[in-house]
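One structure is given below, encoded as structure tokens.
2 protein chains.
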Amino acid sequence: MASLGEHYLIEYYDCNPHILDNLQAIEDILLKAAQKSGATILNNYLHKFSPQGVSGVVIIAESHIAIHTWPENRYAAVDFFTCGSRVDPLKAYEYIKEKLESAYTFYIKQERGIKEELQNASGQSSV
Amino acid sequence: MASLGEHYLIEYYDCNPHILDNLQAIEDILLKAAQKSGATILNNYLHKFSPQGVSGVVIIAESHIAIHTWPENRYAAVDFFTCGSRVDPLKAYEYIKEKLESAYTFYIKQERGIKEELQNASGQSSV
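Listed below in structure tokens is the structure:
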């Protein structure tokens with residue numbers, strides 16, 4: 000592992016807007032996505048906005064999954080931060096894509112806590 | 000605005016490990032950082048890991064701020080997702096840097112919900 004964690008920033012375009020605006024549906028999708036990835040769920044919190052949109056976060060032992068939806072734009076932003084090799088964020092990615100009925104999606108993966116930077120910062124020869 | 004939201008991924012290296020392992024300190028820092036940025040706090044949740052490390056999320060009306068700390072590596076990963084122009088994530092960035100006593104930090108900013116992609120996905124000429 001070249002870093003302590005991996006952070007997936009996932010864009011879901013052209014989704015079903017009714018699902019994006021349904022708090023219970025979003026909660027179910029997030030929790031099931033966390034389970035499918037192999038994550039250990041610690042807690043979750045969701046909020047329904049007026050007139051529309053949902054925000055939700057699932058805290059997992061391996062970091063977090065968050066979602067923010069814009070039903071009026073048929074769009075949802077998800078990020079999945081994970082550490083360790085036991086969790087597979089791409090299983091969550093595929094599951095959420097299917098459940099939001101997203102016709103167009105992509106993600107970027109960002110390494111977090113890069114080991115070379117940790118070494119440089121601490122001035123140690125190894126971490 | 001060229002996108003619906005902005006997502007700052009912030010790396011804090013060479014921090015004070017005692018602060019990184021103190022749940023109450025991390026909670027105070029996150030909440031104050033959210034206030035300083037101008038965000039509206041909806042809820043927050045923190046978790047202390049054994050033997051060390053803290054995860055925390057603040058849900059704000061403008062999206063979220065999350066932190067995950069590795070005291071053993073003197074490292075913390077923060078991400079700040081915001082939408083709208085009222086919130087200034089860089090005020091939170093500077094405040095957290097000072098409070099974690101980070102000697103080396105940087106961030107990347109990722110646009111989320113890119114308007115050109117929203118147009119392409121929907122097939123509309125404007126959004």
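Going down the list, the sequences are from chains A and B. Note that numbering that gives the first Met the number 0 has the first sequence beginning at 0, numbered continuously upward. Note that numbering that gives the first Met the number 0 has the second sequence beginning at 0, numbered continuously upward. Just so it is clear, CB atoms sit at the ideal spot from N, CA and C, and this is done for glycine as well. Only a predicted model underlies this, so the values are computations on that prediction, with no experimental measurement involved.
(message) I'd like to confirm the pairing. Which residues does DSSP put opposite Y103 (chain A) in its beta bridges?
(response) A:Y12
(message) Let me see if you follow: with CB-CB separation under 8 Å, is H6 (chain A) close to chain B or not?
(response) yes
(request) Report yes if the C-beta of S101 (chain B) is less than 7 Å from at least one heavy atom of the ligand GDP; otherwise report no. (result) What this structure holds is no ligand at all, so the ligand GDP is not there to describe.
(request) Report the partner residues of N43 (chain B) according to the DSSP bridge assignment. (result) B:V57
(request) Figure out for me which residue from A:T39, A:P50 and A:A102 has the closest Cα to the Cα of N15 (chain A). (result) A:A102
(message) Out of B:H67, B:E71, B:T68 and B:I58, which one is the CA nearest neighbour of A65 (chain A)?
(response) B:I58
(request) Look at the Cβ atom of H67 (chain A), then the Cβ atom of A75 (chain A), and state whether they are nearer than 8 Å. (result) yes
(message) Contact between the region 27-36 of chain B and the region 30-40 of chain A is defined here as three or more beta-carbon pairs at a separation below 8 Å; is this criterion met?
(response) The region 27-36 of chain B, when compared against the region 30-40 of chain A, does not touch it at the 8 Å Cβ threshold.
(message) Judging by CA-CA distance, which residue of A:L117, A:L89, A:Q51 and A:E71 is the nearest neighbour of F79 (chain A)?
(response) Per the C-alpha coordinates, the member of A:L117, A:L89, A:Q51 and A:E71 positioned closest to F79 (chain A) is A:L89.
(request) Just tell me which of A:Q118, A:R73, A:I18 and A:D87 has its CA closest to the CA of Y7 (chain A). (result) A:D87
(request) Please list the partners that N72 (chain A) has in chain B, where partner means a Cβ-to-Cβ separation under 7 Å. (result) L3, G112, L117 and V126
(request) Specify, as a first and last residue, the run of the beta strand (DSSP E) that G62 (chain A) falls within. (result) A small fix is needed here, since residue 62 (chain A) is Ser in this sequence, not Gly. First-last of the beta strand (DSSP E) with S62 (chain A): S62 to W69.
(request) Leaving aside the five residues before and after S125 (chain A) along the sequence, list all residues of the same chain whose C-beta is less than 8 Å from its C-beta, in chain order. (result) For S125 (chain A), the predicted structure reports a pLDDT of 41, less than 50, and the residue's modelled location is therefore unreliable. A value from the coordinates is still provided. Non-local beta-carbon contacts of S125 (chain A) in its own chain, meaning distances under 8 Å to residues more than five positions away in sequence, involve Q118 in chain order.
(request) Below 7 Å CB to CB, which residues in the same chain sit around C82 (chain A) once its five sequence neighbours on both sides are set aside? (result) L3, G4, E61 and S62
(request) Please classify S125 (chain B): does DSSP put it in a helix, a strand, or coil? (result) Note that S125 (chain B) scores a pLDDT of 41, beneath 50, so its modelled location is shaky and nothing firm can be said.
(request) Taking only beta-carbon positions, decide if F79 (chain B) is within less than 8 Å of chain A. (result) no
(request) For F105 (chain A), I'd like the list of residues in its chain whose CB is within less than 7 Å of its CB, leaving aside the five on either flank, ordered along the chain. (result) E10
(request) Identify whether S36 (chain B) lies in helix, strand or coil by the three-state DSSP scheme. (result) Helix, per DSSP.
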